[in-house]
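Please read the structure below before turning to the comments.
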Amino acid sequence: SGKVLSGGVDSNALQRPKRFFGAARNIEEGGSITIIATALVDTGSRMDDVIFEEFKGTGNMELHLERKLVDKRVFPAIDINKSGTRKEELLMDAADLSRIWVLRKVLNPLSPVESMELLLEKLSKTKSNADFLNSLSGGK
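Under my numbering, the first residue of the sequence shown is numbered 1, with each subsequent residue one higher.
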C-alpha cells in the first residue's frame with residue numbers, strides 16, 4: 001500500500017490476518033470459532049510490538065506469561081495483573097464479579113511473582129472456586 005506503520009510493517013500486510021481473527025465473530029447462523037494465537041513481545045524489536053498492538057484489539061482474552069515465575073518454578077506462570085477477559089460481566093453473576101474486582105485491586109500493587117504466590121496460597125485453603133470467591137467477602 002505504501003503506508004508503513006512504525007516498526008517498518010506495511011499496513012496491508014496485516015489485513016488478511018486481521019480478517020482471519022475477525023472471522024470468529026462473523027460465523028453464519030451464529031456459530032462460533034475459537035482462535036488461539038500467541039505473540040512474542042518485549043523482544044527488542046519494534047516490529048514485534050507494532051504487530052502485537054495491531055492484533056491486541058481483535059481478541060476477547062489475553063493471557064500474559066511471566067518468565068520470573070518460571071524462573072522461580074511457580075506455576076501457572078501467569079501475570080495475573082496483565083491477563084484478563086473482555087466482558088467478564090457476561091461470564092459470572094454480579095456478586096462474583098464484584099469479588100473478582102476486589103481481588104484484582106488487592107493484587108494490582110504486587111509484582112507478578114507476589115500476586116501469583118498470594119493467589120496460590122489463598123486458593124490452596126479452599127476446596128472450590130466458589131469457596132474461594134466467598135472467602136474474599138467473608139461468605140454470602
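All C-beta atoms in this analysis are idealised placements derived from N, C-alpha and C, irrespective of residue type, glycine included.
Legend entry - Local conformation of I78 per DSSP, three classes: Strand, per DSSP.
Inset, instruction - Alpha carbon to alpha carbon, how far is A130 from D93? Give it in angstroms, no decimals. - result: Spanning the two alpha carbons is a distance of roughly 12 Å.
Legend entry - CA nearest to the CA of R67, picked from M61, G57 and D79: It is D79.
Legend entry - alpha helix (DSSP H) segment containing D96, residue limits: Note, D96: alpha helix (DSSP H), A94 to L107.
Inset, instruction - State the beta-bridge partners of M61 as determined by DSSP. - result: In the DSSP secondary-structure assignment, M61 is bridged to T85.
Legend entry - Spatially closest choice to K122 from G31, S135 and M61, by CA coordinates: Ranking G31, S135 and M61 by Cα distance to K122 puts S135 first.
Inset, instruction - Could you name the residues of the same chain whose beta carbon sits closer than 8 Å to that of E89, not counting the 5 residues immediately before and after it, in chain order? - result: So the list reads L97, once near-sequence residues are dropped.
Legend entry - Cβ of P17 within 7 Å of any chain D Cβ: Absent from the structure: chain D. Only one protein chain is present.
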